Each structure stands twice: as structure tokens, then as C-alpha cells.
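Chemist:
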Amino acid sequence: DAGVTQSPTHLIKTRGQQVTLRCSPKSGHDTVSWYQQALGQGPQFIFQYYEEEERQRGNFPDRFSGHQFPNYSSELNVNALLLGDSALYLCASSLEIGRINTEAFFGQGTRLTVV
Amino acid sequence: AQRVTQPEKLLSVFKGAPVELKCNYSYSGSPELFWYVQYSRQRLQLLLRHISRESIKGFTADLNKGETSFHLKKPFAQEEDSAMYYCALTRNSGNTPLVFGKGTRLSVIA
Numbered sequence: 001d002a003g004v005t006q007s008p009t010h011l012i013k014t015r016g017q018q019v020t021l022r023c024s025p026k027s028g029h030d031t032v033s034w035y036q037q038a039l040g041q042g043p044q045f046i047f048q049y050y051e052e053e054e055r056q057r058g059n060f061p062d063r064f065s066g067h068q069f070p071n072y073s074s075e076l077n078v079n080a081l082l083l084g085d086s087a088l089y090l091c092a093s094s095l096e097i098g099r100i101n102t103e104a105f106f107g108q109g110t111r112l113t114v115v
Numbered sequence: 001a002q003r004v005t006q007p008e009k010l011l012s013v014f015k016g017a018p019v020e021l022k023c024n025y026s027y028s029g030s031p032e033l034f035w036y037v038q039y040s041r042q043r044l045q046l047l048l049r050h051i052s053r054e055s056i057k058g059f060t061a062d063l064n065k066g067e068t069s070f071h072l073k074k075p076f077a078q079e080e081d082s083a084m085y086y087c088a089l090t091r092n093s094g095n096t097p098l099v100f101g102k103g104t105r106l107s108v109i110a
């Protein structure tokens with residue numbers, strides 16, 4: 001099991017462009033969460049997907065959107081990129097078991113640079 | 001509001017010395033607390049969680065609800081403990097999002 005895999009590892013985009021980041025969860029996991037980690041900061045929650053629907057969302061603008069596919073993989077889309085969107089984007093997967101917090105496994109992240 | 005505070009950005013200790021990484025939190029309700037670690041060139045991984053009451057790699061952390069703290073401790077630091085440590089919390093029910101602190105970089109000097 002390769003664990004959580006994210007692609008690409010690095011990406012450079014120009015202001016105003018759009019970007020799509022991808023995440024494959026750990027085998028057997030059905031829940032995917034996305035986090036943004038700016039330099040010198042801890043990860044900040046963007047949104048979570050379960051059963052192909054956005055279940056929870058953090059304090060991020062609508063420019064940030066996502067999708068979860070039937071195989072549980074997920075995409076994060078960011079439109080109209082701003083310089084401030086430059087960050088490490090982390091994907092975390094977990095297994096939904098009722099009201100129990102199961103361990104979240106993180107990917108290596110995608111380093112997005114907006115110029 | 002939910003908040004996790006790690007007051008030290010960098011903590012340097014000598015090998016064999018005790019280590020304490022501080023974490024304070026604010027949360028209305030019953031949170032679950034975690035410590036995550038990121039070694040150089042590796043992904044973020046769970047070190048321990050308060051409900052398991054385990055000691056992982058010699059580290060322990062006790063949840064102090066009165067002081068709203070969850071400090072990470074190890075009696076004798078090893079060079080391989082050098083890493084970035086993040087304290088995090090979530091609601092104590094279901095796969096709720098993690099709220100992270102800004103992290104503390106631990107440097108163990110030989």
C-alpha cells in the first residue's frame with residue numbers, strides 16, 4: 001500500500017490561472033480532507049469529502065472547490081489564483097466509522113507556487 | 001473559537017536532556033488532542049493521541065483540561081527526535097477536521 005499519494009509534487013502557475021491537484025487515498029479509506037499549509041504555519045482545513053459530497057468546509061473562498069470520485073480519489077481546484085495561494089497543499093485520508101475519530105493519513109503534499 | 005497555540009517556534013536541546021514541547025488550546029466542548037510529527041523529507045504522521053494514552057518513541061502527553069494544555073514530553077532526547085512537531089485538536093465525535101498549531105521545530109544537538 002503506497003499510502004496517500006498526491007500529484008503533482010510541484011507546480012508553478014501564473015496569477016489568474018486555474019489549478020487542479022489530485023489525491024488518491026490510502027487503500028480502504030473513504031474520506032478525504034484537504035489542507036493548505038502556508039510557509040511557517042500549520043496546516044489549515046479547506047474541506048472534506050465523503051460519499052462524493054463536500055461534508056465540511058473551512059474558511060476558504062468559493063474559488064476553492066473539490067470533487068470526490070466513486071473510487072474515493074479526490075481533486076482540489078483553485079480558480080483565479082492569487083499570489084497568496086502559494087502554499088503546500090496536503091491531502092489526508094481516513095475511514096469513516098460512525099462517531100469515532102479514526103487516524104488521518106497524510107500525503108506528501110503538492111507545492112504550489114503562484115507567480 | 002477553536003485554537004491551538006504552540007508558543008515556541010524552535011526548541012534546541014542537547015542529546016540526553018529532557019524535552020517538553022508546549023501546546024495550549026481553546027475549545028468549547030470536548031476535544032480530542034493529537035501530536036503530529038514531520039521528519040525531514042517525510043510526510044506528516046500521527047505521533048500520539050490523548051485517548052490512546054500510549055507512549056510512542058518515548059514521548060508522552062497528558063491532557064490537562066484545567067490548564068487546557070497537552071504538552072509533549074520525553075525524558076531523554078535523541079538525535080533522531082529532531083523534527084517538526086504539530087499539536088492538533090478535533091471534536092470528539094466523528095471524522096471532524098483537525099485544527100493545527102503553527103508547529104515547533106525540535107533540534108537535538110549531539
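Going line by line, the protein sequences match chains C and W. According to this note's numbering, the first sequence is numbered sequentially starting from 1. According to this note's numbering, the second sequence is numbered sequentially starting from 1. All C-beta atoms in this analysis are idealised placements derived from N, C-alpha and C, irrespective of residue type, glycine included. Source: prediction; values computed, not measured.
Taking Cβ-Cβ distances shorter than 7 Å, what residues in chain C pair up with residue 86 (chain W)?
Modeler: Residues of chain C passing the Cβ test: 42.
Chemist: Rounded to whole angstroms, how far is the Cβ of residue 74 (chain C) from the Cβ of residue 26 (chain C), which I believe are closer than 8 Å?
Modeler: Contact doesn't hold; Cβ gap of about 12 Å is too wide.
Chemist: Output yes if chain C places a C-beta closer than 7 Å to the C-beta of residue 5 (chain W); else output no.
Modeler: Closer than 7 Å: no.
Chemist: Using CA atoms only, rank isn't needed, just tell me which of W:49, W:4, W:15, W:60 is closest to residue 23 (chain W).
Modeler: Nearest option by C-alpha distance: W:4.
Chemist: Return the first residue and the last residue of the beta strand (DSSP E) that residue 32 (chain C) is part of.
Modeler: Counting along the chain, the beta strand (DSSP E) containing residue 32 (chain C) begins and ends at 31-37.
Chemist: What's the gap between the Cα of residue 69 (chain W) and the Cα of residue 29 (chain W)?
Modeler: About 14 Å.
Chemist: Are residue 88 (chain W) and residue 98 (chain W) touching if we call contact CB-CB under 7 Å?
Modeler: Contact: yes.
Chemist: By a C-beta neighbour count over all protein chains shown, 10 Å radius and 16 as the cutoff for buried, is residue 9 (chain W) buried or exposed?
Modeler: Counting Cβ neighbours within 10 Å, residue 9 (chain W) comes out exposed, since fewer than 16 surround it.
Chemist: Cβ of residue 31 (chain C) less than 7 Å from any chain W Cβ?
Modeler: Chain W contact via Cβ: present.
Chemist: Tell whether a beta-carbon distance below 7 Å holds between residue 10 (chain C) and residue 99 (chain C).
Modeler: No.
Chemist: Could you compute how far the alpha carbon of residue 40 (chain W) sits from the alpha carbon of residue 1 (chain C)?
Modeler: Distance between the alpha carbons of residue 40 (chain W) and residue 1 (chain C) is about 22 Å.
Chemist: For residue 62 (chain C), does the count of other Cβ atoms within 10 angstroms reach 16, so buried, or fall short, so exposed?
Modeler: Exposed, since its Cβ has fewer than 16 Cβ neighbours within 10 Å.
Chemist: Name the one or two DSSP bridge partners that residue 56 (chain W) has.
Modeler: According to DSSP, residue 56 (chain W) bridges with W:59.
Chemist: For residue 72 (chain C), which residues from the same chain have a beta carbon less than 6 Å from its beta carbon, with the 5 sequence-adjacent residues on both sides left out?
Modeler: Closer than 6 Å at the Cβ level, and outside the excluded window around residue 72 (chain C), lie 25, 30.
Chemist: Which residues bound the beta strand (DSSP E) around residue 13 (chain C)?
Modeler: From DSSP, the beta strand (DSSP E) with residue 13 (chain C) extends over 10-13.
Chemist: Looking at the unbroken beta strand (DSSP E) that takes in residue 31 (chain W), where does it start and where does it end?
Modeler: Run containing residue 31 (chain W): 31-38, per the beta strand (DSSP E) assignment.
Chemist: Would you kindly work out how many angstroms separate the C-alpha atoms of residue 46 (chain C) and residue 58 (chain C), rounded to a whole number?
Modeler: Straight-line Cα distance between these residues: approximately 5 Å.
Chemist: What residue ranges within the region 81-105 of chain C form continuous beta strand (DSSP E) runs of no fewer than 3 residues, ordered along the chain?
Modeler: List check, beta strand (DSSP E) in window: 87-94.
Chemist: So which of W:46, W:100, W:26, W:65 has the shortest CA-CA distance to residue 43 (chain C)?
Modeler: Out of W:46, W:100, W:26, W:65, W:100 has the C-alpha closest to the C-alpha of residue 43 (chain C).
Chemist: Hey, is residue 46 (chain W)'s beta-carbon within less than 7 Å of any beta-carbon in chain C?
Modeler: Interface residue, yes.
Chemist: Going by other Cβ atoms of all chains shown within 10 Å of its Cβ, with 16 needed for buried, is residue 74 (chain W) buried or exposed?
Modeler: Classification for residue 74 (chain W): buried.
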